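First residue of the sequence shown? That's 223 in the working numbering, and the numbers climb one at a time after it. Don't be surprised by glycine CBs; every beta carbon is placed ideally from N, CA and C. No experiment lies behind these values; they were computed from the predicted model shown.
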Amino acid sequence: MPVLGRIALLVAALTLAACGSERPSDAVRKSVERFGKDVAAQDYNDLCKNVLADNLISALEGSGVPCELALKTGFAGVKDPKLTIRSVAVNGERALANVHSTASNQPPSDDTLSLTKEKGKWRIASLARPQPQAPQKP
């Protein structure tokens with residue numbers, strides 16, 4: 223096979239491989255979207271098995287309550303939750319997702335989800351509200 227033919231095959235193979243790969247920020251977005259959908263559907267089994275990171279599950283179960291029951295109790299009063307992703311930042315095996323959430327009869331909330339890559343998948347590791355910023359001096 224001529225050199226140009228081999229180069230063309232290599233370029234085609236690399237192009238096909240790139241089509242199948244997903245950008246890390248897109249993968250993080252999918253994980254956060256799944257979190258939002260699972261909370262709305264009250265699918266605590268999927269949250270515990272496929273969405274939450276091991277450290278978060280350990281923290282939930284630290285009081286002797288199984289993950290699913292802890293989530294069911296924690297989200298008991300949440301009705302019609304909606305989650306909007308505002309931004310995503312990926313740094314190696316860690317990521318932050320800034321989200322805006324709403325639910326019936328609750329004030330809207332702007333939060334940052336911390337994600338970590340475990341076993342090749344992005345998982346929610348923690349939820350931290352942004353710290354209020356001090357007013358700037360004029």
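Non-local C-beta neighbours of K304 in its own chain, meaning closer than 6 Å and more than five positions away in sequence, comprise T324, ordered along the chain. In the structure shown, the three-state DSSP call for V261 is helix. As the crow flies, the alpha-carbon of D302 is around 31 Å from that of K341.
Note: I307 is bridge-paired with V321 in the DSSP secondary-structure output.
Under the DSSP assignment, L278 falls in the alpha helix (DSSP H) whose first and last residues are 276 to 283. In the displayed model, E315 falls within coil according to three-state DSSP, outside both helix and strand. The alpha-carbon separation between Q264 and K294 amounts to approximately 8 Å. In the three-state DSSP reduction, R345 falls in the strand class (E or B). Counting C-beta atoms within 10 angstroms of its own C-beta, D332 has fewer than 16 neighbours from the protein chains shown and is therefore classed as exposed. Contact between V254 and A347 does not hold, since the beta-carbon distance rounds to 12 Å and is not under 8 Å. A straight-line Cα-Cα distance of about 15 Å links V300 and E290.
Of the residues assessed, G296 falls on the exposed side of the cut-off, its CB having fewer than 16 other CB atoms within 10 angstroms. With fewer than 16 other CB atoms across the displayed protein chains lying within 10 angstroms of its CB, R308 is exposed.
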